[in-house]
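The structure appears right after this line, and notes come after that.
Numbering (the UniProt record's numbering), first residue to last: 1 to 435.
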C-alpha cells in the first residue's frame, strides 16, 4: 500500500473548521480587494446592489453575479488588474483559438502561491528531491511549463525543462538523463508513447519513467489505463487554468478518487450550466471559481465551462481534508448538438478505447448534408486487421456508438499514423463543419 506524501502536511490536513474559517477570511479580503482596486468589479457589484460588507461567508457569494470568459476578454489587456502595473512580474494567456485571449497576471506573491500549490500537487503525485522531472508543456504564454517548473523548484527535484514538441528528442533525453517522472498535456502523453515505439524504445524496459502527471485536457479511464500500462507508470491528474493561476489548483492523490482542491486559495461552486442555479453535491454541473489570495487579477464567481461535481464527503483516506472535485468529464463548449441529441466527445472515447484493435487517436467530424446532420467518427487501427474482421469491427463500433449516443454514427477505420498529431498544444478531437 502506497503512503501519502505531503509538501505542507499542516496546511493539507487542517481541520475542516480551520479551513472554512481561513477560506471565509480570505474571501472577505478578495471581494474587498477586487471592489476597491478594479473598476470592472466595482461597477459589477454596484449594479447588483451588493457591497463587500454583504459577503461574510462562502454562502454569501451567491449574491454576486458571475464572471464569464467574455467579460475577461472585454477587459483585455489590463482591465482585470487590481494592483498597479509596476507590481506585475508575469503575464500568461489561455491557449484559446479566438482572437482575444484571456489573461492571468502575477505579482511576486501570486507566483509564490502558484509554486506552493504546484509543489503540493506534484508531491501528491509522487515527486521527491530524488526524482528527475521532465517538463514537456511549453514555457511560452501557456501556463503549463512554468507551473510545473515553479512547483518542482519548491520540491527540490532536478528539472529537465524540454518544453513542447521534438518528441524523439524528448524520448532520448528520458533515456540519457534517467528521467523518473514526466508531466505533459494529456494528448501529448499519447504522442510520446507512439514516438517511443517508433524509435524501437520500450518505455517500460528502456526508460526509468514510472510516474506521470497530466492535465489541460479531459481523458477517460480507458486512456489512462493505456498510458499507465505502456510505461508501467503511476498516472496522476492535475487541474488548473490561466485565470486562476495554472496547473496546481487541484490534483488526485495516490488513491485516485477525485481531485483535492486547495481550498485555502480557491473556492469552487457547481451550477447548472443552463440556469446558473447551484446543484447538489455529487451532481454534475459547471465549475465556478473564486480566487482567495490572488493579488494581480482576482476573479469572482468565474464560470470556467468545465464539467465536474463536488464530493459530498470532505474526508479522504490519504489524510487530506481539502474538499475534492470529480475528474473533469468535459466542457460545456465541447458538447455537440446533432439533430437535437447531445454528444460528448468523452462518451465516444470511452467506447472506442474498449477495443484493443483500435489505437488512441480519433476524430469526430460533424457535417450537414441534404438538410440533415451527419456524424462520422474516424478511428485509427492499432494493428493489421483482416478485411472481413475490419467490416465486422466497423459494424460493431457503429452499433455500440448508436446505443451509447442515441443517434446514428458512421465509423471510418484508418491505418495507424493517418490522423494528424499535436506536437504542441491540445488535441483537436472535434471538427464541426456545419458552420
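All residues carry an ideal CB built from backbone N, CA and C; glycine is no exception.
Indicate whether residue 358 and residue 380 have their beta-carbon atoms separated by less than 9 Å. Along the chain shown, one-based indexing puts residue 358 at 358. Along the chain shown, one-based indexing puts residue 380 at 380. In this structure, residue 380 lies closer than 9 Å to residue 358 by Cβ.
Give a yes or no on contact between the stretch 220-228 and the stretch 157-174, applying the rule of three or more CB pairs nearer than 8 Å. no
Which residue comes first and which comes last in the alpha helix (DSSP H) that contains residue 157? Locating residue 157 in the chain shown gives position 157, counting from the first residue. Run containing residue 157: none; DSSP gives neither H nor E here.
Shorter than 8 Å, the distance from the beta carbon of residue 238 to the closest heavy atom of the ligand ZN, or not? Absent from the structure shown: the ligand ZN. Ligands present: none.
Terminal residues of the alpha helix (DSSP H) in which residue 398 lies: Counting from 1 along the chain shown, the entry for residue 398 is found at position 398. Element bounds for residue 398: 387-405.
Have a look at residue 388 and residue 184 and give me their C-alpha separation to the nearest angstrom. Reading the chain shown from its first residue, position 388 is the one you call residue 388. Reading the chain shown from its first residue, position 184 is the one you call residue 184. About 38 Å.
State the DSSP-derived secondary structure class of residue 56, mapped to helix, strand or coil. For this step, residue 56 is matched to residue 56 along the chain shown. Reduced to three states, the DSSP call for residue 56 is coil.
Is residue 97 buried or exposed, if buried means 16 or more other CB atoms sit within 10 Å of its CB? Locating residue 97 in the chain shown gives position 97, where the first residue counts as 1. Since pLDDT at residue 97 reaches only 48, below the 50 mark, its modelled position is unreliable, and no value is offered.
Report yes if the C-beta distance between residue 288 and residue 271 is below 9 Å; otherwise report no. Residue mapping note: residue 288 aligns to position 288 of the chain shown, counting from 1. Residue mapping note: residue 271 aligns to position 271 of the chain shown, counting from 1. Their beta carbons are under 9 Å apart, which means residue 288 touches residue 271 by this criterion.
Closest residue to residue 266 among 396, 76 and 247 (Cα-Cα distance): Start at 1 with the first residue of the chain shown, and residue 266 comes out as number 266. Checked all of 396, 76 and 247; the closest Cα to residue 266 is 247.
Around the C-beta of residue 436, are 16 or more other C-beta atoms found within 10 angstroms, so that it is buried, or is it exposed? Here the chain has residues from 1 to 435 only, and residue 436 is not among them.
Do you know whose CA, among 112, 138, 394 and 418, lies nearest residue 360's CA? As a first step, residue 360 is located in the chain shown; it is residue number 360 there, counting from the start. Considering only alpha carbons, the answer is 418.
Out of 9, 13 and 3, which one is the CA nearest neighbour of residue 321? In the chain shown, residue 321 corresponds to position 321, counting from 1. Of 9, 13 and 3, the residue nearest in Cα terms is 13.
Stretch pair the stretch 296-307 + the stretch 28-40: three plus CB contacts closer than 8 Å: yes
In chain order, what residues of the same chain have a beta carbon less than 7 Å from the beta carbon of residue 203, not counting five sequence neighbours either side? Your numbering for residue 203 matches position 203 in the chain shown. Only 193, 196, 209, 230 and 231 meet the Cβ criterion.
Euclidean distance between Cα positions of residue 156 and residue 128: As a working mapping, residue 156 is identified with position 156 in the chain shown. As a working mapping, residue 128 is identified with position 128 in the chain shown. Distance between the alpha carbons of residue 156 and residue 128: 7 Å.
Here's a check: name, in chain order, each residue in its chain whose Cβ is nearer than 7 Å to the Cβ of residue 75, leaving out the five neighbours to either side. Translated into the one-based positions of the chain shown, residue 75 becomes position 75. Hits under 7 Å: 40.
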